[in-house]
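Notes follow the structure.
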Amino acid sequence: MAIAREAEPVGSLSEVREAGLDREDLLGIYRNMLLTRSVEERGHILYRQGKIPGSFYTGRGNEAAAVGVASAMGPEDVGTPLHRDMGVHITRGVEPWRIFAQFMGRADGPTHGRDGNVHMADPNLGLIAMVSHLPAMLPVAVGCALAFRIREERRVALAWFGEGASARGDTHEGMTLAGTRKLPVVFVCDNNQWAYSTPTHLEYATEHVADRAEAYGFEGVVVDGTDVLAVHREAKRAIEKARNGGGPTLLECVTLRMEGHAVHDDAFYVPKVMFESWAANDPIERYRTWLRENADMTDEEEGEISNSVKKLLNDALQRAEDSPMPDPSTLLEGVYATPEDLDTPHHK
Amino acid sequence: MAEMTYLQAISDGLRGEMRRNDKVFLIGEDVGVYGGAFKVSLGFQEEFGPWRVFDAPLAETAILGACTGAAIMGMRPVAEMQFADFISCGWDQLVTVAAKQRWRAGTAVPIVVRLPSGGGFSGGPFHSQNPESSFAHVPGLKCVCPSTPEDAKGLLISAIEDPNPVLYFEHKHLYRRIKADVSEERYTIPIGKARTHREGDDVSVITWGAMVHTADEAAQQLDNEGVSVEIVDLRTVLPWDKAAVLESVRKTSKVLVLHEDTHTGGFGAEISATIAEEAFEDLDAPVKRVTAPDTPVPFSPPLEKAFIPQVEDVVKGLRELAEY
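Chains W and D supply the protein sequences, listed in that same order. Mapping of the first sequence onto our numbering: position 205 corresponds to residue 205, and the numbering continues sequentially without gaps. Mapping of the second sequence onto our numbering: position 315 corresponds to residue 1315, and the numbering continues sequentially without gaps.
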């Protein structure tokens, strides 16, 4: 039996306007979702062209969850997005050419070729680079919230994880610390229903991951992760609650993994009907339809967004391909930080 | 100057940094109300409040991960592991997250992890270990192992000042056993700089932590036998002062590497290999290692005595080298 609150879908435009989103915001969210998917589709082409070393991971199906949460964050809020959360980087404003450079291991990627895929973050955008040991980032986000609490700043940390990561101890420890001290953190579970080949019933025994929240002393909310406006509304509530001293929330976005774990995985273990139902629930198509029916998005507006995304990415790809490969003679640099590295806004 | 135990020197250094910089905070199990399992932070919570002397749940991963997050947000966290042994629970946070963040993502992680380590009091397999070599193998971390009250204070302040994750191994056996005059002023001891604990001409001992004092007792015995022993206290094992070690080896041509940690893959192996690579021609005898054997740390006193290198073990090793 579910313990977490199951959030309602978003219906009308007036409801959305009451939540503080104007028409420009709504179209901006659509653009960010489209840009997110397009970046990853272009990445996929680069991979097939042999330009991406290693494997390649996307968050296809997770765009609404990622963009919905990120667009609810305040400018001074921070977060630890994972590999299905390209939409968070896009929404916070990372330049797409830097992402392509990262994919291809070029010198101008955020990690300068030292790490790949979505293992990147621009600290100036309030993001912290993930590690592959995914739940390890939860206690890190809790630490950001602890810093805000010690300094009595009205800022919130967002901690992303998946239903697979929910099985590991870091998740329990991070939530325990955050719950006992009512820290300003929102735990966002992108439950895309498959952890590589492992289905949800082998990852957790409750009905929802968010059902656990009550055991940590805070609220759990389950939201349809393909409904970007419902995700935004619930994320905003949770973030503002945390900002106002109300403590953490566990927000579970039930989302989709419309591809395999990564390009090397054909996902033979996912039932065909599931892929078919996911295709019918594509979050971008769902939102596009909503915008046309509820916000009068015109053909012209839609075309303009689509064309501007294409143009942006064409230019971005060119710029990324012009970026050099990293110089092997720089390998030893920066293993240790110098005092100058602390010359950041945070350390002032 | 004031006479302080090794433990008081740690407290004094930490208290001073917390007074000086409100970004410095202490987090750990029982560090607040109780003052820490060894009372290093006794009275701190009264002075700095419950948020800067933070009683954490029994969750090392959360403690170390929170330090990383807080450090990236501009704080200067100091974590206390109740015993160094429990750092195993936080391995990922240190090795996977904190140590690699500067190199791969450009983000400095200035944290200090205080690690009450070492045996000699029947703590058994889980309250007595010296895990410095495991972390000395991790690029991006620093490991310091003070042996005296002066160094305990100065190295702690350096560790807090350092923009990197620093593991600060404080030896429990030294806490209340050794005393010295320590300046009440603020001072730092540079990380990566060894100290000549005792000058000598015939044999060099390279060591750190509590073993410096074991070596010193052994050196006094050898002195009575007409053998002059030099003791190099590394103070820090990552980075380690290779130049100081090689200089001492070139001076005496005979070297004994001594540590309380177990033998295989202990940090003494790295030192021995470096001496073989860089000072082979200067040696008059093979490098000798005196270490704990390759077993867990035993509980019962006669077993533990057989495990931890004793003065007589060092004396025996030094005699063999002197006679070689």
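We treat Cβ as the ideally placed atom computed from N, Cα and C, and that holds for glycine. Computed from a predicted structure; not experimentally measured.
Bounding residues of the alpha helix (DSSP H) (the contiguous stretch that carries residue i)
i, result
"W:N244", "Note, W:N244: premise wrong, no alpha helix (DSSP H); not H, not E."
"W:S306", "D299 to D322"
"W:N294", "P283 to N294"
"D:E1320", "V1311 to E1323"
"D:S1117", "Looking at the DSSP string, D:S1117 is not in any alpha helix (DSSP H); the run it does join, the beta strand (DSSP E), is V1112 to S1117."
"W:V16", "L13 to E18"
"W:P139", "M137 to I150"
"D:V1290", "Looking at the DSSP string, D:V1290 is not in any alpha helix (DSSP H); the run it does join, the beta strand (DSSP E), is K1288 to A1292."
"W:V273", "K272 to A280"
"W:E340", "Note, W:E340: premise wrong, no alpha helix (DSSP H); not H, not E."
"D:V1249", "K1242 to T1252"
"D:D1261", "Not the alpha helix (DSSP H): D:D1261 falls in the beta strand (DSSP E), residues V1255 to T1262."
"D:D1151", "P1149 to E1161"
"W:G87", "M86 to R92"
Buried/exposed call for residue i, threshold 16 Cβ in 10 Å
i, result
"D:V1317", "Residue identity check: residue 1317 of chain D is Gly in the sequence provided, not Val. By the neighbour-count rule (16 or more Cβ atoms within 10 Å), D:G1317 is buried."
"D:Q1220", "exposed"
"W:R257", "buried"
"D:Y1324", "exposed"
"W:Q318", "exposed"
"W:R149", "buried"
"D:H1127", "buried"
"D:S1253", "buried"
"D:V1203", "buried"
"W:E219", "buried"
"W:K310", "exposed"
"W:Y196", "exposed"
"W:A65", "buried"
"D:K1305", "exposed"
"W:N124", "exposed"
"D:Y1034", "exposed"
Three-state class that DSSP yields for residue i in the structure shown
i, result
"W:E214", "helix"
"D:E1184", "coil"
"D:K1172", "helix"
"D:W1208", "coil"
"D:F1044", "helix"
"W:S38", "helix"
"W:N32", "helix"
"W:G68", "helix"
"D:I1027", "strand"
"D:N1224", "helix"
"D:D1055", "strand"
"D:E1277", "helix"
"D:M1018", "helix"
"D:I1178", "coil"
"D:K1142", "strand"
"W:E219", "strand"
"D:F1299", "coil"
"W:L199", "The sequence shown places Pro at residue 199 of chain W, rather than the Leu named in the question. Looking at W:P199 - three-state DSSP - the assignment turns out to be strand."
"D:I1373", "A question about residue 1373 of chain D goes unanswered here, because the residues of chain D that appear run from 1001 up to 1324."
"W:A262", "coil"
"W:L405", "The structure shown does not extend to residue 405 of chain W, since chain W is modelled only from 1 through 348, so no value can be given for it."
Closer than 8 Å at the beta carbon, the chain C residues around residue i
i, result
"D:T1274", "This model lacks chain C altogether, as its protein chains are W and D."
Delimiting residues of the beta strand (DSSP E) encompassing residue i
i, result
"D:I1191", "Counting along the chain, D:I1191 falls outside any beta strand (DSSP E), and DSSP gives it neither H nor E."
"D:R1076", "R1076 to E1080"
"W:T226", "Run containing W:T226: none; DSSP gives neither H nor E here."
"D:M1004", "A1002 to T1005"
"W:H172", "Run containing W:H172: none in the beta strand (DSSP E); it sits in the alpha helix (DSSP H), G169 to T180."
Residue i beta carbon near the ligand ZN (any heavy atom closer than 7 Å)
i, result
"W:R212", "Here there are no bound small molecules, and the ligand ZN is not part of this structure."
(Q) To be precise: take each residue of the segment 1092-1117 of chain D, compare its Cβ to all Cβ atoms of chain W, and keep it if any distance is under 8 Å. Which residues remain? (A) D1092, Q1093, T1096, V1097, K1100, Q1101, R1102, W1103, R1104, A1105, G1106, T1107, A1108, V1109 and P1110
Q.
Below 8 Å, how does it come out for the segment 1207-1215 of chain D and the segment 1147-1164 of chain D: are there three or more Cβ pairs, yes or no?
A. yes
Q. Counting pairs of beta carbons, one from the segment 132-151 of chain W and one from the segment 1036-1044 of chain D, are three or more of them closer than 8 Å?
A. No, they do not touch.
Q: For the segment 1225-1241 of chain D and the segment 1131-1145 of chain D, state whether three or more C-beta atom pairs, one from each stretch, are separated by less than 8 Å.
A: yes
Q: Using a Cβ-Cβ cut-off of less than 8 Å, list which residues of the segment 1171-1184 of chain D approach chain W; keep chain order.
A: none
Q.
To be precise: take each residue of the segment 323-340 of chain W, compare its Cβ to all Cβ atoms of chain D, and keep it if any distance is under 8 Å. Which residues remain?
A. G334, V335, Y336, A337, T338 and P339
Q. Any contact of the segment 70-81 of chain W with the segment 126-135 of chain W, i.e. 3+ C-beta pairs under 8 Å?
A. yes
Q. Are at least three pairs of beta-carbons, each pair with one atom in the segment 173-191 of chain W and one in the segment 243-251 of chain W, less than 8 Å apart?
A. yes
**Q.** Interfacial residues, the segment 167-195 of chain W to chain D, with Cβ spacing under 7 Å
**A.** Among the residues of the segment 167-195 of chain W, those with a Cβ less than 7 Å away from any Cβ of chain D are G169, D170, E173, G174, T176, L177 and T180, in the order of the chain.
Q. Does the segment 1021-1032 of chain D come close enough to the segment 1129-1140 of chain D that 3 or more CB-CB pairs lie under 8 Å?
A. no
Q.
Whether or not the segment 1082-1092 of chain D and the segment 1280-1290 of chain D are in contact is what I'm after, with contact meaning three or more pairs of Cβ atoms, one per stretch, closer than 8 Å; do they touch?
A. Flag = no, the segment 1280-1290 of chain D and the segment 1082-1092 of chain D do not touch.
Q. In chain order, what residues of the segment 1054-1081 of chain D put their CB closer than 7 Å to some CB of chain W?
A. A1056, P1057, A1059, T1061, A1062, G1065, A1066, C1067, T1068, G1069, A1070, I1072, M1073, G1074 and M1075
Q) Taking one C-beta from the segment 1007-1019 of chain D and one from the segment 1190-1199 of chain D each time, how about it: are there three or more such pairs within less than 8 Å? A) no
Q.
Give me the subset of the segment 1016-1042 of chain D whose CB atoms are less than 7 Å from a CB atom of chain W, sorted by chain position.
A. F1025
Q) What residues in the segment 1151-1170 of chain D have a beta carbon less than 8 Å from any beta carbon of chain W? A) P1163 and N1164
Q | Touching by the beta-carbon criterion (3+ pairs, under 8 Å), the segment 205-220 of chain W and the segment 257-268 of chain W | A | no
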